[in-house]
Structure formats: structure tokens, C-alpha cells
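Protein chains in written order, with our numbering: chain A, 3 to 304; chain B, 10 to 331. Every residue gets a Cβ at the ideal spot worked out from N, C-alpha and C, and that includes glycine. Here is the structure we will look at.
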Amino acid sequence: MSQQAAAAGTASNAAKTAEETGTAPVRRRRRASTPLYYVGIAIIVVYCLAPFYWMVVSALRRPSDQFSNSPIPDPFSLKNLTAAFSAGNGFGRSLVNSVIVAGFTTVITLILGISAAYALARLNFRGKGLVLALIIATSMFPGIAVVVPLLQLFTNIHWINTYQAMIVPSMSFALPLAIWLLTAFFRQMPFELEEAAQIDGATPAQAFRKVILPLAAPGVFTTAILVFIAAWNEFIIAVSVINKNEYKTANVIVSQFTGQYQFDQPFGTQMAAGVVVTIPLVIAVLLFQRRIVEGLTAGGVK
Amino acid sequence: MTTTTSVDAPPVLKGKPRGSQPGRKAGVGRLAAILLAPSLLVLALVIAYPIVSAVRLSFIKTIDGIDPDSGLIVHKSSFSLANFTDIFRGDTGAAFVNAFWNTTSFTIVTVIIETTIGVCMALVMNKAFRGRGLVRASILVPWAIPTAISGLLWRWIFSADGIANDILGSKILWTTEGFQAWLAVVIADTWKTAPFIGLLVLAGLQVIPAEVYEAAKIDGASAWRTFWRITVPLVKPALVVAVLFRMLDVLRMFDLPFVLIGPQKKSTQTLSVLAYNEVSNLHFGPAAAYATVLFIYVAVVAYVFVRVLGADIVGRGVGRAR
């Protein structure tokens, strides 16, 4: 999750680059003539995609071909996929659980984060630096340090095997991330916006609601995607506070799939389920990539 | 006269802090407090409270005993340093030292490898080429896959009859106890995060003006010298922050060794996994002690980075007041 926070840090740099590219690419393009660079690019793409490709290929084999190491599934089969969704696994239900937990975490986090980030990015008040540093420091806490005491608390208040037992602790990483990203987005809007609103007689609250928030929508959307991905990928909380299959999230249930025999790990089924869990994220990230550029270059005044 | 005023006017406007009238300033302060309160309250609840109670728990030693009068099993809890002194002796001591060493070795080795690969990737990507979008897209794939799922994927790749052994022509049992299990975790983690470091470094590289490189070229600097004298110093702020965040992530690593190798394997047991094992056996005291040690470890590393290496974390996202 802190990776995303770091991404937000570089976001402002990326914005500058996008503005400067009017002249830079011409100069760069001339340097890039050697085929060596294309070899480098090919290596990077293969490095990144080969293991993922292997997951997809393994998912699309017949279960009986599981140990065949041919690069293309032959014959092609959806049996692993249907096996993943078979009733005994509870995979379909776990996808719903993941959507519920990640969805609620994202919505609550955004509501809280937007107001906090607005204060941190656009208002001048004493102790601002301290609050910022505190919020950033909280994103560094190891998850286990939160899980151990909360597990005892949740046992006492009978929250084990509930959605709130996953949603509430997820705030511990989602909220700092959201505040960090949103603050970075809010800061990029020109201050003339509020000045203009104030001249027109708007209070700071009105300036925020009617001027800043609509213009910040792309940044808010980007933040929503990143927070959702972070919550969707969460593992340590979900594996600790839930022990009933009905409430387990997709990550947890897929990692605990059991085969026909107890010690026989059903890799084919797990890869198929893994593809199902991952594909929406890959699509979201590709969309987000476009989004962030839009969000950052979307000018304010003018 | 007119010229003087027009020259003086802008600085006066700029120098004057926004909302300098006393009434407005108090209003802004109150608004800020109202806007921040809900978030700070939630953070206090989900972070400050757990940390405080983890520290408290870590000082509580629970002993199961049999009450001599009734013959029933009773838990006796008392405040003591026992959970922390146990860290250094006996079986628990051995388990702790092992987990601490694994956590540290994973952090040092993976961060060095990931940074090296990431910087290389960024340098390649920084050159203009066709299909840049494809590379950016593929670089985000390892990052987007949930760690638990990528743990499963690598467990499959590293299985006895898996593709890794097939390509290497070896018969290594990767997920059994031993150095190979540690190596499998390092490889899987490197795959997942090196591209992301590449992406962060690339953003840092792109703000270096082309003129700087041109000047170096005119002065006859070699490519090697240009890299060490221009690229490295100018990309350093972005790099230090990327490395810090990676280190903090590896220090609390849990999902990958848990899914890829298994929670009970000593070769890859990290402090997080060890604490999880204790807490799943309802040993809250020792678990809290391990979590507290990890928390302090993380805090020390972060402090060293911010103070000694000058990682400008606050400044990057939001920093520098106008």
C-alpha cells in the first residue's frame, strides 16, 4: 500500500513531465535508435508478463494435463474454471465478500479522506505539518501490530466472522493512503480557484463543495481505484479475523482450496481462481493509468 | 510614481498570508479541525489504540495452572517482562532470532536486487520508443496481482514438477525447508516489486531536463560518468523514498512466505508470520511482544532514512508550502 503512496509522491513530477513533453520527445527520439533498447524493452515485458502468462495458461488446461509444461494449453479447457466455482469451494461467495469489504472500505475512506485532505492541502492552520507527518507515519505500521490486539478485542466483542471485523482494521492502511493521494491531488489545483470563489462571496466550505470537489473528481476517482485495489489485495487481516468459509474473502479462500485428496494441492483450480481475482484488477490498473494522466493534466482555471 | 506602485504591489499581495484578518483565521482553524476530526478519530481507533494495547499485552504473561483447591485449570495473568526476556532464551528465543534474521535478510537482499533491476528498467524505459504504453501496462501487471495470489502462482511455478524445475533441468524441492525456500521468496518478491521501483525511478528520471545531458555531452563526458555524476544525484530523492517504502513493506512481509512456503517453515518465517502463529494459538502476550519489536524495528529504519538519508516523504506528496 505504501507503494501507491510513493506513486502519489511522484505524481506531481509526472504532471510536470506531461506538460513539458511538448519539446522533449523530439530530442529523446533521436537517441533511441539502437536495437539494443528494443531488446531491453522485450526483456522487461517478458519478465513482467511471463509468470502471469503461466497462470493464465495453467488455468486453461484440462485438469488432467496439469503437469504438462507446454507453453500453450492443448487442448484448451474451461474445466479448471468451472471447478473453481464448484459449490464446495465457496469461491463465488468469497468474491461477493471481497467486493463488500473492499467496497465499504473504499467508500468510508473516501468520505473521511476527502474532508481531511482538503484541510491539509488548501487551508493554513497551526500544526498542519505535524498532522501530515503523523498520518504518513501511520501508513508505515506493520499490519500484524494492528491485528494482534484487535483480534483479542474482536473476540471479546463477538466480531469474529463479521464484515466489520475486516472493514474497520482495513482503515488502518486505506485511510492514510487516501489522505495522502487526495492531498497530492488537491494541492495541484490553482489557488486562484478559491480566491475567485471567495471574491464571489463563497465561504471556504462552499468553495470546497461547489468549486474544488467537482474539479477534483478525476483525482478522487483515481484514489478510489487505488484504495479499492489495496483493500481487495488485503490478506493478513482477513486471514486472522475470519474462520468461517461464508465470510472469507477471495484471496483467503483461494489460498485455502483443498484438492480431492488432502495433500494434493489443486493448482489448476487455484490458477483459474487466481485469474478470476486478478483480471478485474489488471483492467482497473490499465484504466487508472489513463485516469491519472487525465487527472493530473486537467487544468483548473482556464 | 505609477511604475513604483505597479512594481511594489505584487510582492505586498503575495507576502500577505491568506486570511490574515483575525476573524477569518480563526474560522479557517475551526473548519480545519472539523474536517480533520473524523479521520484522526478513526486513525486513533484503528492504529493508536491497537499499538498501545499491543505494548500493554506484550507485558502480560499468562500462565496456565491448576488451582490447588478446586482442581480446575486457571489462567494467571501478571505484568512482567517475561515475554521480552523469552525472546532471548530457549525455544522461543531461537524462533525469534530466526524470524528476525529472515526479516532482515529478506529486506536487505530483496531491496538491493529490486532497486538494481528497477533502475535498469527505468533507464531502458526512459529512452523513447514505440509501444511505450505496452511496457507501462505490462509493468503494472505484477504490481496489481494480489500478493496472496502471486504467492500461489509462484508455489505452482516452484512445485516439484513445475515449470521452474523443467526450465532449469533440476529436481529442487523449492518449498521444503532450506535455502531454496528463502530464494524462492526472494525471486517472487523481486518479480512483483522491481517493476514498480522502475516506474517510480522513471518518474524521477523524466524531470531531469534534457539540457543537462546535452551540456555533459558537449563537455565530452562518457556515458558511465554521465550516469554517476548526473543521473544518480538527480534521481536520488525519488530513489531514496522508493527504497524506504520498499524496505518498510518487506520488513512487515507476511502474505508471500505464508502462501508460497507455509507458516510453519523456519527458513522463511518472518516476524509477522511468527507473531501470526503465536496469535493463532491464542498466545497474545508473545505475539504482541514480537509485533512490538517489529514495530520498533520499522520505526528505527524509517527514522534513519528520514534523518540520515534525508528521505523527503512529507515533501513529496504534499509538501513545500507554496
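Do residue j and residue i have their beta-carbon atoms positioned less than 8 Å apart in this structure?
i	j	result
F188/A	R128/A	no
I239/B	G127/B	no
R261/B	V313/B	no
N99/A	Y249/A	yes
L152/A	P171/A	yes
L162/B	M168/A	no
N253/A	I270/B	no
G145/A	I239/A	yes
L211/B	A251/B	no
V47/A	S168/B	no
A118/A	L45/B	yes
F269/A	W110/B	no
M142/A	A311/B	yes
V332/B	L280/B	A question about residue 332/B goes unanswered here, because the residues of chain B that appear run from 10 up to 331.
T112/B	A190/B	no
G42/A	V241/B	no
Please classify residue i: does DSSP put it in a helix, a strand, or coil?
i	result
F88/B	strand
L72/B	In the sequence as displayed, the identity of residue 72/B is Ile instead of Leu. Strand.
R32/A	Only weak support exists for where R32/A lies, its pLDDT of 46 falling under 50; the value from the coordinates is given anyway. Three-state result, R32/A: helix.
D67/A	helix
F78/A	coil
A9/A	Residue confidence for A9/A is low, a pLDDT of 46 falling below 50, so the modelled location carries little weight; the figure read from the coordinates is stated next. Helix.
Y39/A	helix
Y285/B	helix
S67/B	helix
S141/A	coil
N290/B	coil
Q291/A	helix
M2/A	Outside the displayed range of chain A (3 to 304) lies residue 2/A, so it cannot be described from this structure.
G213/B	helix
F87/A	coil
W165/B	helix
Taking the alpha-carbon positions, what's the residue i to residue j distance?
i	j	result
A26/A	R145/B	In this predicted model, A26/A has a pLDDT of only 43, less than 50, meaning its place in the structure is not dependable; the value taken from the coordinates is given anyway. Answer to the nearest angstrom: the Cα atoms are 19 Å apart.
A104/A	N247/A	18 Å
T184/B	A86/A	24 Å
L179/A	F223/A	14 Å
S108/B	P272/B	For the record, residue 108/B in the displayed sequence is Ala; it is not Ser. Taking the straight line from one Cα to the other gives about 11 Å.
L392/B	A91/B	Residue 392/B falls outside the range modelled here, since chain B spans only 10 to 331, and no answer is possible.
V256/A	A198/A	53 Å
V196/A	A176/A	According to the sequence as given, residue 196/A is Glu; it is not Val. About 28 Å.
T23/A	I96/B	Residue placement at T23/A is poorly supported in this model, since its pLDDT is 42, which falls under 50; the coordinates still yield a value, given next. About 56 Å.
T71/B	A197/B	38 Å
R39/B	E236/A	36 Å
W234/A	V279/A	9 Å
A53/B	I181/A	15 Å
T36/A	A153/B	31 Å
G94/A	T107/A	20 Å
I116/A	L184/A	7 Å
S174/A	V55/B	6 Å
R65/B	L122/A	32 Å
Q190/A	T225/A	14 Å
K180/B	F69/A	14 Å
Which residues in the same chain have their Cβ closer than 8 Å to the Cβ of residue i, if we skip the five residues on either side of it in sequence?
i	result
V195/B	F115, V118, T119, I122
Y285/B	F263, F267, P272, A296
L289/A	I227
L80/A	L62
I214/A	Y120, R124, F188, M191, L195, E196
Along the chain, where does the alpha helix (DSSP H) containing residue i start, and where does it finish?
i	result
N253/A	252-257
G94/A	93-124
V229/A	215-234
E194/A	194-201
M262/B	Unbroken run through M262/B: none, as it is neither H nor E.
F105/B	99-135
Y249/A	Neither: Y249/A is in no alpha helix (DSSP H) and is coded neither H nor E.
Y306/B	293-316
N211/A	What sits at residue 211/A in the sequence shown is Arg, not Asn. Where R211/A is concerned, there is no enclosing alpha helix (DSSP H), given that its DSSP letter is neither H nor E.
D175/B	172-177
G187/B	Note, G187/B: premise wrong, no alpha helix (DSSP H); not H, not E.
Less than 6 Å between C-beta atoms, sequence neighbours within five positions excluded: which residues of the same chain meet that for residue i?
i	result
F68/B	F88
S86/B	I69, T71
Y49/A	none
Within a Cβ cutoff of 7 Å, which residues of the same chain sit near residue i, ignoring the five residues on either side of it in sequence?
i	result
A300/B	A63, A284
A298/B	S67, N92, F93, I96
T235/B	Y222, A225
T271/A	N82, A85, A86, F259
Can you find a heavy atom of the ligand SAM that lies under 7 Å from the Cβ of residue i?
i	result
P37/A	Within the structure as shown, the ligand SAM is missing, as the structure has no ligands at all.
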